[in-house]
Every structure is written in C-alpha cells, then in structure tokens.
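Residue 1 is where the sequence shown starts when you use UniProt numbering, and the numbers rise one by one after that.
Here a beta-carbon is modelled for each residue, glycine too, at the ideal position from N, C-alpha and C.
This structure is a prediction, so every number in the text was calculated from the model and none was measured.
Below you'll find the structure, written out as structure tokens, and then a few comments.
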Amino acid sequence: MSVDLSNLRRVVATSAAVVTALQTATAVAGIRRGRRDYADAAWGPGLAAIAVTGAVVGTGDPARRWALAAVTTAWATRLERLMLQRLAGSDEEDERYTEFLEGDAVPAVAAKVFLTQGLAQLVVSAPLQLAAASALPRTRRRWLFPVGVAVMVAGAVVEATADRQKARYTARDREERPDVLDTGLWGWSRHPNYFGDSVVWDGAWLAAAASAPAAWTLPAPVAMSYFLVHATGARRTEEKMQERESYRDYQDRVSFFVPLPPGR
C-alpha cells in the first residue's frame, strides 16, 4: 500500500487540532462581537492550514505535498482578502446568519456554525491529508498529480476572474450599470465563481488520486460542490434574485453552474 497509515493518523490528528484551534478562536471573537458571520473568514485559512499541516507533518511525496499546500494557500489568500473586505465593509451581521441562528443560545451557535464548518473543512480536505501520507506510484498514474494541480490552478483563475468581473460591475454607478451582470464569464454561467471554486477541489482530488487509495476520497469534492450549490452558495443567491424580472430572463439565457454558450 502506498499510504503510511501511521503517518496518515498523525496528519489527520494534527489537522483536526489546527482546525479546532482556528474555529474556537473565530467562534469566541464572532460571538462576543455579535458577528457570527466571522465564520466566513475562517473557511479559506482553515483549508490552507490543513494543506500546510500535511506538507509539514506528512511523509508522502514531498513535491506533491508542497505543491498542494502552495496552490491551496494561494487560493485561500485571495479568498480571505475578499471575505475580510466584505466583513469590514458592514457593521451588521450577514442576514443569512441572523435568520439561520435566530433565538439560538451560544452552544447551539457554536455547534451549528463553527463545529459544522470545522468538520466540513476536514471532509473537503481529505484528499490533501491522504496525499500527504502517500507515495507516488511509478506507473503512468503518477501523471494525475501534475494534471490535478493544473486543474486546481485553472479553477482558481476562473474563480478570481469571475470575482474581478463582479467587483467591476458592482463598482459602477447604479444608474449606469445593467440590471444583471451577463458579460464575461457571467454570460456563460450564472455562478462562475462558485464553479471555479468547485474545480479547485476537483483538481485537488485528482492530484491525490495519483495514489490509488486517495481515489476513495471522491466524496470530498462532491461535498464541496454540494456546499457551493445548495448549502451556502448558488441556490441561495437564486432564491434572492428570482424576484427580479431581469434575473428570470437571465436564468432563461445562461447556464446555472457549468459554463456553457448562452442560449440566445
């Protein structure tokens, strides 16, 4: 077997400890200040911390360990900058959290937000953890590693490009900008930033799957895609925007998630 099980246990345990520390610190700060939405700022750093932990503690192929850590950290750094700008730009808690947690006591908030997010980080990063404790095979399967890293980079570029396009649209004068952003990547997908994010984690799985046992971590990128579409991302946006006639027309013309040529 290409996996060092003893080292894998160490990687998993250390990753869990790091995530627990980060989520605990974020929970304390967020709950004290009445900003449970601080959890958003812990998502990227938590995943980057797990990747770096694997690179440091793992004994698997060093090139793969550090490549995955580098790409994940770069992805998380850009995302974190966006999250901090958004949080700093408002004195009010994100209404999603206010509605979701209405009437909940501190223990319930800690469990529903911070504990849940910590567990999600450990699940999504399972390919990274397994890769950190695995050797690369000598067969052609080893080429899944560079291919997977390339897919991660491509996904990160799509996500960053979509976010830049959205930022430029939002910065335009309200009276001059169109009702709906439907140019650039947003003319091919209604949620290209979330799509790019999902591709990042598809690539991470692919790079890890160069070692056969890591292929069994396929539920990890599937879970990330579910989170992005249903739990916190695209579907919620659709529900909020559907009241606008211009957005309903946009829905008829443009693919929901996977970028495709516009309908007309």
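So is phenylalanine 100 buried or exposed if we call it buried at 16+ other beta carbons inside 10 Å?
With fewer than 16 Cβ atoms within 10 Å of its Cβ, phenylalanine 100 is classed as exposed.
Based on the DSSP secondary-structure assignment, which residues constitute the bridge partners of valine 28?
Valine 28 is not bridged to any residue.
So, do the stretch 201-215 and the stretch 112-120 have three or more beta carbon pairs nearer to each other than 8 Å?
No: the two stretches stay apart, fewer than three of their Cβ pairs being nearer than 8 Å.
Just how far apart, CA to CA, sit valine 18 and alanine 49?
One C-alpha to the other measures close to 7 Å.
Going by DSSP, what residue range makes up the alpha helix (DSSP H) through phenylalanine 195?
Here the alpha helix (DSSP H) through phenylalanine 195 covers 192-208.
Is it right to say histidine 230 is buried, meaning 16 or more other beta carbons lie within 10 angstroms of its own, or is it exposed?
So histidine 230 ends up on the exposed side.
Report yes or no: do the stretch 217-232 and the stretch 156-173 share at least 3 C-beta pairs separated by less than 8 Å?
No: fewer than three Cβ pairs fall under 8 Å.
Could you check whether the stretch 233-248 touches the stretch 138-149, counting it as contact only if at least three pairs of C-beta atoms, one from each stretch, sit closer than 8 Å?
Flag = no, the stretch 233-248 and the stretch 138-149 do not touch.
Let me know the secondary structure DSSP gives serine 6 once reduced to three states.
Helix.
Between which two residues does the alpha helix (DSSP H) carrying aspartate 249 extend?
Unbroken alpha helix (DSSP H) run through aspartate 249: 245-253.
Over what stretch of residues does the alpha helix (DSSP H) that includes glycine 118 continue unbroken?
Glycine 118 -> alpha helix (DSSP H) spans 116-124.
For the structure I just gave you, are there three or more beta carbon pairs, one from the stretch 28-36 and one from the stretch 117-126, closer than 8 Å?
Judged by Cβ distances under 8 Å, the stretch 28-36 makes no contact with the stretch 117-126, as fewer than three pairs qualify.
Just grab the DSSP bridge partners of serine 134 for me.
According to DSSP, which records beta bridges pairwise, serine 134 is partnered with Val3.
Which residue's Cα is closest to the Cα of serine 90: Asp252, Tyr38, Arg65, Val11?
Checking every option, the nearest Cα to that of serine 90 belongs to Tyr38.
Flag this pair as yes or no: are the beta carbons of residue 313 and glycine 184 separated by less than 8 Å?
The structure shown does not extend to residue 313, since the chain is modelled only from 1 to 264, so the question has no answer here.
Using the three-state DSSP reduction, which class does tryptophan 188 fall into: helix, strand or coil?
Note: tryptophan 188 maps to coil in three-state DSSP.
Less than 8 Å separating the beta-carbons of alanine 55 and tryptophan 66?
Result yes, Cβ atoms of alanine 55 and tryptophan 66 sit closer than 8 Å.
Using C-beta distances below 6 Å, list every residue in its chain close to alanine 27, excluding the 5 sequence neighbours before and after it, in chain order.
Excluding positions up to five away in sequence, the list reads Ala110, Phe114.
Closest to glycine 196 by CA distance: which of Ala154, Ala171, Arg168 is it?
Checking every option, the nearest Cα to that of glycine 196 belongs to Ala154.
Are the beta-carbon atoms of leucine 136 and valine 3 separated by less than 8 Å?
The answer is no: Cβ separation not under 8 Å.
When the Cα of alanine 51 is compared with those of Val222, Arg64, Leu218, which residue comes out closest?
Closest by alpha carbon: Arg64.
What separation, rounded to the nearest whole angstrom, lies between the Cα atoms of arginine 253 and leucine 181?
Taking the straight line from one Cα to the other gives about 12 Å.
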